[in-house]
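Residue numbers (the working numbering), protein chains in the order written: chain A, 1 to 330; chain B, 331 to 466. Here the structure is laid out as C-alpha cells; the discussion comes afterwards.
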Amino acid sequence: MSGEPRPLHSRRDDPQALAAGVRRGDLRTIARLITFAERDEAAVAQVMPLLQPHTGRAHIVGITGAPGCGKSTLVDQVIAIARAATLRVGVVAVDPSSPFTRGAILADRLRMQRHSTDTGTFIRSLASRDELGGLSAATWDTVRILDAAGYDVILIETVGAGQLETDIVAGAHTVVVVAVPGLGDSIQAIKAGLMEIADIFVVNMADRPDAAQVVNDLRDMLRLNPDHPTWEIPILTTVATVGAGLPELWAAIERHRANLRESGAWAGRLKNQARAELLKSLDRQWHHHVQERVAASGSLARLAEEVASKRLDTHSAATLLWEELGWKQR
Amino acid sequence: MSDPIIRVVVAKPGMDGHDRGAKIIARAFRDAGMEVIYTGIFQTPEQIVSAVIQEDADVLGLSILSGAHVHYAQEISRLLREQGADDVLFVMGGTISKADRPRLNELGVAAVFGPGARTGDVVKFVRDWAAEHRAA
Ligand SMILES: Nc1nc2c(ncn2[C@@H]2O[C@H](COP(=O)(O)OP(=O)(O)OP(=O)(O)O)[C@@H](O)[C@H]2O)c(=O)[nH]1
Ligand SMILES: [Mg+2]
Numbered sequence: 001m002s003g004e005p006r007p008l009h010s011r012r013d014d015p016q017a018l019a020a021g022v023r024r025g026d027l028r029t030i031a032r033l034i035t036f037a038e039r040d041e042a043a044v045a046q047v048m049p050l051l052q053p054h055t056g057r058a059h060i061v062g063i064t065g066a067p068g069c070g071k072s073t074l075v076d077q078v079i080a081i082a083r084a085a086t087l088r089v090g091v092v093a094v095d096p097s098s099p100f101t102r103g104a105i106l107a108d109r110l111r112m113q114r115h116s117t118d119t120g121t122f123i124r125s126l127a128s129r130d131e132l133g134g135l136s137a138a139t140w141d142t143v144r145i146l147d148a149a150g151y152d153v154i155l156i157e158t159v160g161a162g163q164l165e166t167d168i169v170a171g172a173h174t175v176v177v178v179a180v181p182g183l184g185d186s187i188q189a190i191k192a193g194l195m196e197i198a199d200i201f202v203v204n205m206a207d208r209p210d211a212a213q214v215v216n217d218l219r220d221m222l223r224l225n226p227d228h229p230t231w232e233i234p235i236l237t238t239v240a241t242v243g244a245g246l247p248e249l250w251a252a253i254e255r256h257r258a259n260l261r262e263s264g265a266w267a268g269r270l271k272n273q274a275r276a277e278l279l280k281s282l283d284r285q286w287h288h289h290v291q292e293r294v295a296a297s298g299s300l301a302r303l304a305e306e307v308a309s310k311r312l313d314t315h316s317a318a319t320l321l322w323e324e325l326g327w328k329q330r
Numbered sequence: 331m332s333d334p335i336i337r338v339v340v341a342k343p344g345m346d347g348h349d350r351g352a353k354i355i356a357r358a359f360r361d362a363g364m365e366v367i368y369t370g371i372f373q374t375p376e377q378i379v380s381a382v383i384q385e386d387a388d389v390l391g392l393s394i395l396s397g398a399h400v401h402y403a404q405e406i407s408r409l410l411r412e413q414g415a416d417d418v419l420f421v422m423g424g425t426i427s428k429a430d431r432p433r434l435n436e437l438g439v440a441a442v443f444g445p446g447a448r449t450g451d452v453v454k455f456v457r458d459w460a461a462e463h464r465a466a
C-alpha cells in the first residue's frame, strides 16, 4: 500500500469514462470527480456537459442554521426516513476552512456515519476553502454529479453564518432553516438573510425550555411577511437526537416538493440558482483577469509609491490604475 | 493553481471510547492546512473504508488504543484493496508495541506512531508523502 504514486493532479482521466462511471454509480469515480470540482480542474469542464442532460431529477433540499443547532443530526434522521422510503440519498455537508491555514475539521459526517456503508447513501464533506464563490460552484457541481448518478434526494448542509453559505442553499428546491431555543434573541440568530429563503422552519432542540417561545416569535415574524401566495411556511418542532418530529419534517419536505411541481416553480428554483452561479463565475473570472493584468503591469507599484509620497490621492490613483490597465471609466 | 489540499480521514475503530488522541491528531492535521474528515469513535472497518472512498481521502489515520491493531490493519487493508482504494496512505497511532510494527507494515500500514510520537512527526510524514506522490 501507498507504494504506487497517486496522481493528486490527474489530467489523464478521460471525460467519457468519468461520465460513464458516474452514471453507473461507481463510488470511486463520483468521489474523484467531486475532488476535481473542488479543485476547479479542467476535467470537470469536460465532464459536466456530458452529465448535464442526466440532471434535474433529484429533489435538492438545503438545511441551514446557526452553528451547532443540530443540522447534521437532522440530516442523519432525514436520511433514515428517505432510505426507508427506498429513495437514494446524497449529502453535501459544507464546513468552514480556517482562513489562516486553509485547514478544516469536517465533522458533519460524524453524525451520519451509521449510513456510511449503506449503498443507497453517499455523503461528501466539503470545506469552504476560498471566499470568491468557488465553494458555491463546487457545492453545486457536487449536487449535479450526485443528481446524474441517480440519487433521488440531495441534502445540502451549510452553516447559516454568512452570505456565502446562505447563497449556496438559497438555490435548493426546498430550504429548511433550523432555529433553536437558548441562543438569546432566537430570531436575531437567523435574521441574516435566512428568514427570506426559508420554505420550512424547524425549531430543533424542542426538549429544551423556551422552544414554544421561538415558535411564537417565528410565527409573529411570518405574519409580517405574508408574501408566499402558494405555500404557507410551516414551523415545525423537532428533537433531532431522538427523531421526534422527523416524520412531520419529512412530510413537509415532500409536500413542498409536490407544491413546487404543481405551481410550476420547480424549474424556476434551479433557474435562479443557475443565474446566481453564472454571475459568481463571471465575478471569479473577472477577478482573476484583473489580478493577472495588475501582476503583468508595473502600474500598481508605481501608483502606490505616488500615493505614499503624497503626490497623488488614492481616488486619482485608482482612476489612473484603471485606465493604465486598459479600461475606460464608467 | 496552488497545491491540492490533502484530505485525511481520522477514525477510531473498536469498542473503546477514548478519542483524545484522535482529536489531537485531527487538530494537528487541520493546523497544518489539511482537511480532516473526523468520523468519530466505535467505527467498523467497513464504515471507515466507505468514508475514505466517498470523501476521496488521500490519507487514512487510525487511532487505536484497544490492542486489536493487527486485526484492524488486516481488515481495513483488505477492504481498501477490494474497493480499489489501496493507493491511500494508511497510518496508525496509539498504544502499539514496537514488536508489532513489522507485521503492520507488511499489512500495508505505511507508518506507525507510538505513544511517544510527536504530532509534528506525523504531520511531516504525511506532508513528505504527499509531496512525493503529487508529482505524478
Ligand atoms: N438536546 C438536544 N441536543 C441536540 C438536538 N439535536 C442535536 N443535538 C446535539 O447538538 C449537538 C450539535 O449537533 P449537530 O447535529 O452536530 O449540529 P450542527 O448544526 O450540524 O453543527 P455544525 O455543523 O457544527 O454547525 C450535538 O451534540 C447533538 O447531539 C436536540 O434536538 N436536542
Ligand atoms: Mg453539522
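Don't be surprised by glycine CBs; every beta carbon is placed ideally from N, CA and C.
key: chain A contact residues for GLY450 of chain B, given Cβ-Cβ distances below 8 Å   = The count along the second sequence starts at 1 and reaches residue 450 of chain B at position 120. In chain order: nothing, as chain A lies at least about 15 Å away.
key: GLY298 of chain A versus LEU27 of chain A - alpha carbon distance   = Within the first sequence, residue 298 of chain A is the residue found at index 298, counting from 1. Within the first sequence, residue 27 of chain A is the residue found at index 27, counting from 1. C-alpha separation (whole angstroms): 49 Å.
query = Beta-carbon separation of ALA240 of chain A and GLN77 of chain A under 7 Å?
reply = Position 240 of the first sequence, counted from the start, is the residue given in the question as residue 240 of chain A. Position 77 of the first sequence, counted from the start, is the residue given in the question as residue 77 of chain A. Yes, these two residues count as a Cβ contact at 7 Å.
request  = Mind listing, in chain order, the continuous alpha helix (DSSP H) runs of no fewer than 4 residues lying wholly within the segment 382 to 444 of chain B?
outcome  = 399 to 412 and 431 to 436
key: ligand 2 site residues, beta-carbon cut 5 Å against heavy atoms   = A:LYS71, A:SER72 and A:ASP108
ask   = Does DSSP classify VAL242 of chain A as helix, strand or coil?
value = Counting from 1 along the first sequence, the entry for residue 242 of chain A is found at position 242. Residue state, collapsed to three classes: coil.
ask   = Regarding PRO67 of chain A and ligand 1, is the C-beta to nearest heavy atom distance less than 6 Å?
value = The residue given as residue 67 of chain A occupies position 67 in the first sequence. Yes - ligand 1 has a heavy atom lying nearer than 6 Å to the Cβ of PRO67 of chain A.
ask   = What's the call for ASN204 of chain A, buried or exposed, on a 16-neighbour Cβ count within 10 Å?
value = The residue labelled residue 204 of chain A in the question sits at position 204 within the first sequence. By the 10 Å Cβ count, ASN204 of chain A comes out buried.
request  = Pull up the CB-CB distance for VAL339 of chain B and ALA387 of chain B, whole angstroms please, since I reckon it's below 8 Å.
outcome  = Taking the first residue of the second sequence as position 1, residue 339 of chain B is located at position 9. Taking the first residue of the second sequence as position 1, residue 387 of chain B is located at position 57. Correct: roughly 4 Å between the Cβ atoms.
inquiry  = Within 7 Å of any Cβ in chain B, is that where the Cβ of LEU320 of chain A sits?
reply    = As a first step, residue 320 of chain A is located in the first sequence; it is residue number 320 there, counting from the start. Chain B, which has no Cβ nearer than 7 Å to the Cβ of LEU320 of chain A, makes this no.
C-alpha gap between GLY62 of chain A and GLU157 of chain A, whole angstroms = Position 62 of the first sequence, counted from the first residue, corresponds to residue 62 of chain A. Position 157 of the first sequence, counted from the first residue, corresponds to residue 157 of chain A. C-alpha separation (whole angstroms): 6 Å.
Where the alpha helix (DSSP H) containing ILE354 of chain B begins and where it ends = Along the second sequence, one-based indexing puts residue 354 of chain B at 24. That run of the alpha helix (DSSP H) goes 350 to 361.
request  = List the residues of chain B whose Cβ lies closer than 8 Å to the Cβ of GLN113 of chain A, in chain order.
outcome  = Within the first sequence, residue 113 of chain A is the residue found at index 113, counting from 1. Ordered by position in chain B, the residues that pass the 8 Å Cβ test against GLN113 of chain A are THR369, GLY370, GLN373, GLN377 and ALA381.
task = Provide the residue(s) that pair with PHE122 of chain A in DSSP beta bridges, ordered along the chain.
result = Looking up residue 122 of chain A in the first sequence gives position 122. According to DSSP, PHE122 of chain A bridges with A:GLY90.
request  = Excluding the 5 residues preceding and the 5 following LEU222 of chain A in the sequence, name in chain order all residues of the same chain whose CB lies nearer than 7 Å to its CB.
outcome  = Stepping through the first sequence from its first residue, residue 222 of chain A is reached at position 222. Hits under 7 Å: ILE233.
message = According to DSSP, simplified to helix, strand and coil, what is ALA212 of chain A?
response = Counting from one through the first sequence, the residue named residue 212 of chain A turns up at place 212. Here ALA212 of chain A sits in helix by DSSP.
key: Pairwise C-alpha distance: ALA17 of chain A and LEU419 of chain B   = In the second sequence, the residue the question calls residue 419 of chain B occupies position 89. In the first sequence, the residue the question calls residue 17 of chain A occupies position 17. Rounded to the nearest angstrom, the two C-alpha atoms are 25 Å apart.
query = For THR374 of chain B, which option in A:THR64, A:HIS115 and A:ALA19 has the closest C-alpha, if you only look at C-alpha atoms?
reply = Position 44 of the second sequence holds residue 374 of chain B. Measuring from the Cα of THR374 of chain B, the nearest candidate turns out to be A:HIS115.
query = Using a Cβ-Cβ distance under 7 Å, would GLN404 of chain B count as near chain A?
reply = Translated into the one-based positions of the second sequence, residue 404 of chain B becomes position 74. Not one chain A Cβ lies under 7 Å of GLN404 of chain B.
ask   = If we count the other Cβ atoms within 10 Å of its Cβ and call it buried at 16 or more, is THR314 of chain A buried or exposed?
value = The residue you call residue 314 of chain A lines up with position 314 of the first sequence. Under this definition THR314 of chain A is an exposed residue.
request  = Report whether the distance from the Cβ of VAL169 of chain A to the nearest heavy atom of ligand 1 is below 6 Å.
outcome  = Taking the first sequence and counting its residues from 1, one reaches residue 169 of chain A at position 169. The answer is no for VAL169 of chain A.
message = Could you check whether ILE105 of chain A and ARG360 of chain B sit closer than 7 Å to each other, using their CB atoms as the reference points?
response = Taking the second sequence and counting its residues from 1, one reaches residue 360 of chain B at position 30. Taking the first sequence and counting its residues from 1, one reaches residue 105 of chain A at position 105. Yes.
query = What number of angstroms, rounded off, separates the C-alpha of GLN273 of chain A from the C-alpha of ARG144 of chain A?
reply = Numbered from 1 along the first sequence, position 273 holds the residue referred to as residue 273 of chain A. Numbered from 1 along the first sequence, position 144 holds the residue referred to as residue 144 of chain A. Each residue's Cα considered, the two are about 12 Å apart.
ask   = Terminal residues of the continuous beta strand (DSSP E) containing ARG311 of chain A?
value = As a working mapping, residue 311 of chain A is identified with position 311 in the first sequence. Here ARG311 of chain A belongs to no beta strand (DSSP E), and DSSP marks it neither H nor E.
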